[in-house]
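Asks:
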Amino acid sequence: MNPFLPTTVAEAEQQSQRLDVRAIREDFPILRQTVRGGKPLAYLDNAATSQKPRAVIDAITRFYTQTNSNVHRGLHELSERATNAYEGARATVRQTLGAAEDREILFVRGTTEGVNLVAQAWARPRVKPGEEILVTEMEHHSDIVPWQILCGQTGAKLVVAPITDGGVLDLEALDRLLGKKTRLLALAHVSNALGTINPVQRIVEMAHAKKIPVLLDGAQAVPHMPVDVRAIGCDFYAFSGHKAYGPTGIGALYGRAEHLEEMDPWQGGGDMIASVTFEKTTWNKLPWKFEAGTPDIAGAVGLAAALDYVAHIGWGPIQAYEETLLGEATVAVAAVPGVRVLAREAPRVSVVSFTMEGVHPHDIGTIVDLNGVAIRAGHHCAQPLMDRLGVHATARASLALYNTREEIKALVEGLRQVNEVFGR
Ligand SMILES: Cc1ncc(COP(=O)(O)O)c(C=O)c1O
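Position 197 (the sequence shown) corresponds to 196 in numbering that gives the first Met the number 0; numbering is contiguous.
As structure tokens, then:
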């Protein structure tokens with residue numbers, strides 16, 4: 000049982016009331032504006048990227064106005080402070096993910112770079128022709144294409160575990176596909192296109208029982224639930240700061256120290272070396288072995304501020320509130336004539352992905368935008384998933400801790416207008 004989740008309906012209700020959404024919205028300056036000729040902005044595109052609280056914006060401004068300097072190199076005070084801020088941010092990420100040691104946290108540009116790092120630095124030297132990388136039908140392109148590139152480089156084969164029509168991973172099929180040739184299982188903790196939560200702890204146990212390492216794509220999980228990589232037991236875990244109220248251009252890859260120690264760097268340059276001669280170069284220690292060049296220092300500081308912001312509010316109230324809002328949004332959207340909500344019965348977080356009979360999702364997105372409602376329409380970088388579900392695209396509303404019932408109402412009102420425009 001998740002110790003962070005409320006255990007009774009009454010407790011959930013109490014916790015969701017503990018989240019003061021009005022006060023939280025005050026923390027996000029961008030939400031105060033109107034769009035499209037005076038309509039209050041209803042930002043429901045959080046799975047694409049979240050908005051940033053004042054605490055994050057201020058932390059970045061403070062860094063550039065008071066601390067800016069390069070890290071790990073200078074002997075002067077500013078460099079020392081910048082280094083402390085950057086390494087302090089790493090400690091915050093380590094704590095957030097429940098990792099054992101700071102050296103297991105690598106700063107990367109985001110989930111995409113984290114997956115590519117594992118593909119090139121871990122898999123490429125190890126995977127042999129004919130061996131298999133197992134992914135699932137619900138992956139984001141960033142957990143498909145790096146593996147296709149790797150397969151092209153090594154002669155390995157990409158194998159795909161199926162999902163059900165209801166958008167849930169078929170665990171029996173997955174278990175069957177975890178075979179003697181499988182070198183790595185790579186899958187999403189939470190699907191970006193459907194919001195489906197995968198039972199990752201159980202899946203990792205299944206894979207580890209066959210000695211197969213697991214990489215988790217946590218891009219859509221970290222913003223909505225506490226993550227504990229040691230409890231989950233995974234080998235690698237990647238996420239992006241910008242979806243978790245932090246800045247763009249920064250994210251982290253967790254890797255178990257035993258793997259990272261064995262791996263060679265994937266990029267060369269400053270900071271990742273211990274010594275360099277023209278004859279021979281030796282590598283720096285973890286984690287810096289994997290951080291060639293000047294990192295996104297201000298980004299790391301901003302990311303830590305975002306993680307601190309969420310930790311300060313607490314997962315109990317956030318999860319209870321988001322769960323209540325998602326339930327209400329699902330019922331309200333599904334009640335609009337012609338709407339079909341995908342993966343409706345699946346355990347989900349944040350996302351309502353839907354189609355409307357006879358209407359292209361781009362038209363849905365365009366019409367609700369006239370009401371100030373920002374949603375996503377398209378394939379959500381998950382084209383194989385769209386093919387599997389027999390749709391070209393979906394409309395996707397994705398919620399964050401600052402969204403409100405009024406914003407859901409504005410979305411539903413927009414969907415009714417879609418029906419009017421299309422003569423229903
Ligand atoms: C599940 C999932 N994985 C990976 C990514 C890629 O994240 P980024 O573009 O921040 O690297 C996304 C972004 O939409 C995502 O939702």
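Just so you know, even glycine gets a beta-carbon here, dropped at the ideal spot from N, CA and C.
Taking DSSP as the reference, what is the three-state secondary structure of W265?
Replies: As a working note, residue 265 is residue 266 in the sequence shown. If DSSP states are grouped into helix, strand and coil, W265 belongs with coil.
Asks: Does the beta carbon of A46 fall short of 7 Å from some heavy atom of ligand 1?
Replies: Here residue 46 corresponds to residue number 47 of the sequence shown, with the count starting at 1. Yes, Cβ of A46 sits closer than 7 Å to a heavy atom of ligand 1.
Asks: Indicate the three-state DSSP secondary structure (helix, strand or coil) for G254 in the structure shown.
Replies: For the purposes of this step, residue 254 is taken as the residue at position 255 of the sequence shown. Reduced to three states, the DSSP call for G254 is strand.
Asks: Closest to E103 by C-alpha separation, out of G364, A243, E261, would be which residue?
Replies: On the sequence shown, residue 103 is found 104 positions in, with the first residue counted as 1. Among G364, A243, E261, the Cα nearest to that of E103 is on E261.
Asks: Would you kindly work out how many angstroms separate the C-alpha atoms of A237 and I132, rounded to a whole number?
Replies: On the sequence shown, position 238 is the one that residue 237 refers to. On the sequence shown, position 133 is the one that residue 132 refers to. About 17 Å.
Asks: Report, in whole angstroms, the separation of the C-beta atoms of R415 and V335, which I expect to be a contact under 8 Å.
Replies: Counting from one through the sequence shown, the residue named residue 415 turns up at place 416. Counting from one through the sequence shown, the residue named residue 335 turns up at place 336. Confirmed, about 6 Å.
Asks: Just grab the DSSP bridge partners of Q92 for me.
Replies: Here residue 92 corresponds to residue number 93 of the sequence shown, with the count starting at 1. Reading the sequence as shown, one finds Val at residue 92 and not Gln. DSSP, once it has assigned bridges, lists no residue as partnering V92.
Asks: I'd like to know if Y320 contacts chain D, where contact means its C-beta is closer than 8 Å to some C-beta of that chain.
Replies: In the structure shown, chain D cannot be found, because there is only a single protein chain.
Asks: Give the straight-line distance between the Cα atoms of P5 and E321, rounded to the nearest whole angstrom.
Replies: To locate residue 5, count along the sequence shown from 1; it is residue 6. To locate residue 321, count along the sequence shown from 1; it is residue 322. Any reading at P5 must be qualified, since the residue scores a pLDDT of 49, below 50, and its modelled position is unreliable; the value itself is stated next. If you take the alpha carbons of P5 and E321, they lie about 12 Å apart.
Asks: Select from H139, Q50, M205 the residue whose C-alpha is nearest the C-alpha of L170.
Replies: Reading the sequence shown from its first residue, position 171 is the one you call residue 170. It is M205.
Asks: How many whole angstroms separate the CB atoms of G301 and I59, which I take to be in contact at a CB cut-off of 8 Å?
Replies: On the sequence shown, position 302 is the one that residue 301 refers to. On the sequence shown, position 60 is the one that residue 59 refers to. Indeed, because the Cβ distance is near 5 Å, the residues count as touching under 8 Å.
Asks: Would you call the region 266 to 275 and the region 74 to 84 touching, i.e. three or more CB-CB distances under 8 Å?
Replies: Flag = no, the region 266 to 275 and the region 74 to 84 do not touch.
Asks: Please confirm whether I296 and V34 have their CB atoms less than 8 Å apart.
Replies: On the sequence shown, position 297 is the one that residue 296 refers to. On the sequence shown, position 35 is the one that residue 34 refers to. Result no, Cβ atoms of I296 and V34 do not sit closer than 8 Å.
Asks: Could you check if S397 is buried or exposed, using at least 16 other CB atoms within 10 Å of its CB as the buried criterion?
Replies: For the purposes of this step, residue 397 is taken as the residue at position 398 of the sequence shown. Its Cβ being crowded by 16 or more others within 10 Å, S397 is buried.
Asks: I think L43 touches A373, with their Cβ atoms under 8 Å apart; what is that distance to the nearest whole Å?
Replies: Here residue 43 refers to the residue found at position 44 when the sequence shown is read from its first residue. Here residue 373 refers to the residue found at position 374 when the sequence shown is read from its first residue. Rounded, the Cβ-Cβ distance is 6 Å, consistent with contact.
Asks: Compare the beta carbon distance of Y244 and V309 with 8 Å and say whether it is the shorter of the two.
Replies: On the sequence shown, position 245 is the one that residue 244 refers to. On the sequence shown, position 310 is the one that residue 309 refers to. The answer is yes: Cβ separation under 8 Å.
Asks: If you draw a straight line from the alpha carbon of H465 to that of F353, how long is it in whole angstroms?
Replies: Because residue 465 is not part of the residues shown, which for the chain are 0 to 423, the question remains open.
Asks: At a threshold of 7 Å, does T91 count as lining ligand 1 (C-beta to nearest heavy atom)?
Replies: As a first step, residue 91 must be located in the sequence shown, where it is residue number 92. Because no heavy atom of ligand 1 lies under 7 Å away, the Cβ of T91 does not count as near it: no.
Asks: Using only the heavy atoms of ligand 1, determine whether one of them is closer than 7 Å to the beta carbon of H241.
Replies: Residue mapping note: residue 241 aligns to position 242 of the sequence shown, counting from 1. Answer for H241: yes, Cβ within range of ligand 1.
Asks: Looking at H223 and ligand 1, is the gap between the Cβ and the nearest heavy atom below 7 Å?
Replies: Counting from one through the sequence shown, the residue named residue 223 turns up at place 224. Result no, Cβ not under 7 Å from ligand 1.
Asks: Quick test of your reading: K175 and L149, contact by CB under 8 Å. State the CB separation rounded to the nearest angstrom.
Replies: Locating residue 175 in the sequence shown gives position 176, where the first residue counts as 1. Locating residue 149 in the sequence shown gives position 150, where the first residue counts as 1. Correcting the residue type first, residue 175 is Arg in the shown sequence and not Lys. In fact, because the Cβ distance is near 23 Å, the residues do not count as touching under 8 Å.
Asks: Going by C-alpha to C-alpha distance, which of W287, R201, P225 sits closest to Y85?
Replies: What you label residue 85 is simply residue 86 of the sequence shown in a count that begins at 1. Ranking W287, R201, P225 by Cα distance to Y85 puts W287 first.
Asks: Per DSSP, which one or two residues make a beta bridge with F421?
Replies: Taking the first residue of the sequence shown as position 1, residue 421 is located at position 422. In the DSSP output, where bridge partners are listed per residue, F421 has none listed.
Asks: Assuming L40 and G371 are in contact, meaning their beta carbons sit under 8 Å apart, how far apart are those beta carbons, in whole angstroms?
Replies: Reading the sequence shown from its first residue, position 41 is the one you call residue 40. Reading the sequence shown from its first residue, position 372 is the one you call residue 371. Right, the Cβ-Cβ distance comes to about 5 Å (below 8 Å), so this counts as a contact.
Asks: Give me the residue from A220, F106, P225 with the minimum Cα distance to L285.
Replies: The residue you call residue 285 lines up with position 286 of the sequence shown. It is F106 whose Cα lies nearest to the Cα of L285.
Asks: Can you round the beta-carbon distance between I407 and A328 to whole angstroms, since I take them to be within the 8 Å contact cut?
Replies: For the purposes of this step, residue 407 is taken as residue 408 along the sequence shown, with counting starting at 1. For the purposes of this step, residue 328 is taken as residue 329 along the sequence shown, with counting starting at 1. At roughly 5 Å, the Cβ-Cβ gap stays under 8 Å, so I407 and A328 are in contact.
Asks: Using the three-state DSSP reduction, which class does G364 fall into: helix, strand or coil?
Replies: On the sequence shown, position 365 is the one that residue 364 refers to. Looking at G364 - three-state DSSP - the assignment turns out to be helix.
Asks: Rounded to a whole number of angstroms, what is the C-alpha to C-alpha distance between P161 and T66?
Replies: As a working mapping, residue 161 is identified with position 162 in the sequence shown. As a working mapping, residue 66 is identified with position 67 in the sequence shown. For P161 and T66, the distance between alpha carbons rounds to 50 Å.
Asks: Whose C-beta lies closer than 7 Å to the C-beta of V221 among residues of the same chain, with five residues either side of it excluded?
Replies: Here the question's residue 221 lines up with position 222 in the sequence shown. F238, A243, listed in sequence order.
Asks: Looking at ligand 1, does it come within less than 7 Å of H378, judged from the CB to the closest heavy atom?
Replies: Looking up residue 378 in the sequence shown gives position 379. No, the Cβ of H378 stays beyond 7 Å of every heavy atom of ligand 1.
Asks: Can you tell me whether D386 is buried or exposed, with buried defined as 16 or more other CB within 10 angstroms of its CB?
Replies: Residue numbering aside, residue 386 sits at position 387 when the sequence shown is read from its first letter. Exposed, since its Cβ has fewer than 16 Cβ neighbours within 10 Å.
Asks: For D57, count neighbouring C-beta atoms within 10 Å of its own C-beta (all shown protein chains included) and say buried if the count is 16 or more, exposed if not.
Replies: Within the sequence shown, the letter at position 58 stands for residue 57. Answer is exposed; the Cβ neighbour count stays below 16.
Asks: Residues in the same chain with beta-carbon distance under 7 Å from G154, minus the five sequence neighbours each way, listed in chain order, please.
Replies: To locate residue 154, count along the sequence shown from 1; it is residue 155. Result list for G154: P128, G129, in chain order.
Asks: Measuring CA to CA, which of D26, A120, C233, L168 is closest to Q152?
Replies: Position 153 of the sequence shown, counted from the start, is the residue given in the question as residue 152. Comparing Cα positions, the closest option is A120.
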